[in-house]
Amino acid sequence: AQTVTQSQPEMSVQEAETVTLSCTYDTSENNYYLFWYKQPPSRQMILVIRQEAYKQQNATENRFSVNFQKAAKSFSLKISDSQLGDTAMYFCAFMKLTYGNKLVFGAGTILRVKS
Amino acid sequence: GAVVSQHPSRVICKSGTSVKIECRSLDFQATTMFWYRQFPKQSLMLMATSNEGSKATYEQGVEKDKFLINHASLTLSTLTVTSAHPEDSSFYICSARRTSNQPQHFGDGTRLSIL
């Protein structure tokens, strides 16, 4: 079974600064996807970024980038130039590509951006 | 982008009544839909996976007779909480995806309160 661990229950960052959220996972699969989802106070789940395990290049989406270390099974999210609207719960998620592929979520990290 | 509509967003009802929540994929055909439950400040807990035209697959510990799931078409899945009680009060979220290697797109969730 796959597990996803987010070791930081809460983080805070000053507006315009950079913050990194940690995520590690455990799997015996070789091909899989990793995701970061954002859940703001409105509770809508928003896909922030996706990484395919077979790609060595780290995914980036504007101010959001990941540091994917496959051997270490680590998938951290870096948010640059933090904005107040980035305040949310962030979930790291794993999905295998074989039968029964469903999202396995971490416990989440609450990020507060301060002005 | 892919849009998933969930209705209603909020429902308050008396103990013993049944409540139906709808999840629709508005601009794509969803081969698979998922139903999650989320408690405050916690992660999403998968309740069941629903494939169009077949019976839902429930996660361990989820009562299939309490949480009825129907996926009658490629754009609609419903969750019915039968004979709801206060302990069923929670935030329920659905998601949908086109194919097995595509990301899940989430509805805005339903806040269910049983008095």
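So the protein lines, in turn, are chains A and B. Residues in the first sequence are numbered from 6 upward in steps of one, following my numbering. Residues in the second sequence are numbered from 622 upward in steps of one, following my numbering. Just so it is clear, CB atoms sit at the ideal spot from N, CA and C, and this is done for glycine as well. Computed from a predicted structure; not experimentally measured.
Classify residue i: buried if its beta carbon has 16 or more other beta carbons within 10 angstroms, exposed otherwise.
i: residue 664 of chain B; result: buried
i: residue 31 of chain A; result: exposed
i: residue 91 of chain A; result: buried
i: residue 59 of chain A; result: exposed
i: residue 682 of chain B; result: exposed
i: residue 113 of chain A; result: buried
i: residue 674 of chain B; result: exposed
Which of the three DSSP states is assigned to residue i in this structure?
i: residue 91 of chain A; result: helix
i: residue 31 of chain A; result: strand
i: residue 643 of chain B; result: strand
i: residue 57 of chain A; result: strand
Give the residues of chain B in contact with residue i, contact being defined as C-beta atoms less than 7 Å apart.
i: residue 50 of chain A; result: 714, 727
i: residue 116 of chain A; result: Those do not exist, as residue 116 of chain A stays about 13 Å from chain B at its closest Cβ, beyond 7 Å.
Do residue j and residue i have their beta-carbon atoms positioned less than 8 Å apart in this structure?
i: residue 725 of chain B; j: residue 716 of chain B; result: yes
i: residue 728 of chain B; j: residue 644 of chain B; result: yes
i: residue 77 of chain A; j: residue 71 of chain A; result: no
i: residue 735 of chain B; j: residue 630 of chain B; result: no
i: residue 697 of chain B; j: residue 107 of chain A; result: no
i: residue 700 of chain B; j: residue 713 of chain B; result: yes
i: residue 702 of chain B; j: residue 625 of chain B; result: no
i: residue 82 of chain A; j: residue 69 of chain A; result: yes
Please list the partners that residue i has in chain A, where partner means a Cβ-to-Cβ separation under 7 Å.
i: residue 724 of chain B; result: 40, 52, 55
i: residue 667 of chain B; result: 107
How would you list, in chain order, the residues of chain B whose beta-carbon sits under 9 Å from the beta-carbon of residue i?
i: residue 58 of chain A; result: Going along chain B, no residue has its Cβ under 9 Å from residue 58 of chain A, so there is no contact; the nearest lies around 12 Å.
i: residue 82 of chain A; result: Chain B residues near residue 82 of chain A: none, gap ~15 Å exceeds 9 Å.
Give the DSSP bridge partners of residue i, in chain order.
i: residue 43 of chain A; result: A:51, A:95
i: residue 71 of chain A; result: A:82
i: residue 24 of chain A; result: A:84
i: residue 732 of chain B; result: B:631, B:712
i: residue 701 of chain B; result: B:641, B:689
Starting from residue i, find everything on chain A with Cβ-Cβ shorter than 9 Å and list it in chain order.
i: residue 655 of chain B; result: 107, 108
Under 7 Å: does the beta carbon of residue i sit that close to some heavy atom of the ligand NAP?
i: residue 77 of chain A; result: By its list of ligands, the structure shown contains no ligand whatsoever, and the ligand NAP lies outside what it can speak to.
Report the neighbours of residue i on chain A: residues whose CB is nearer than 8 Å to its CB, in chain order.
i: residue 664 of chain B; result: 96, 110, 111, 112, 113
Residue i versus chain D: which residues are under 8 Å apart at the beta carbon?
i: residue 652 of chain B; result: Given the protein chain composition of this structure (A and B), no chain D is represented.
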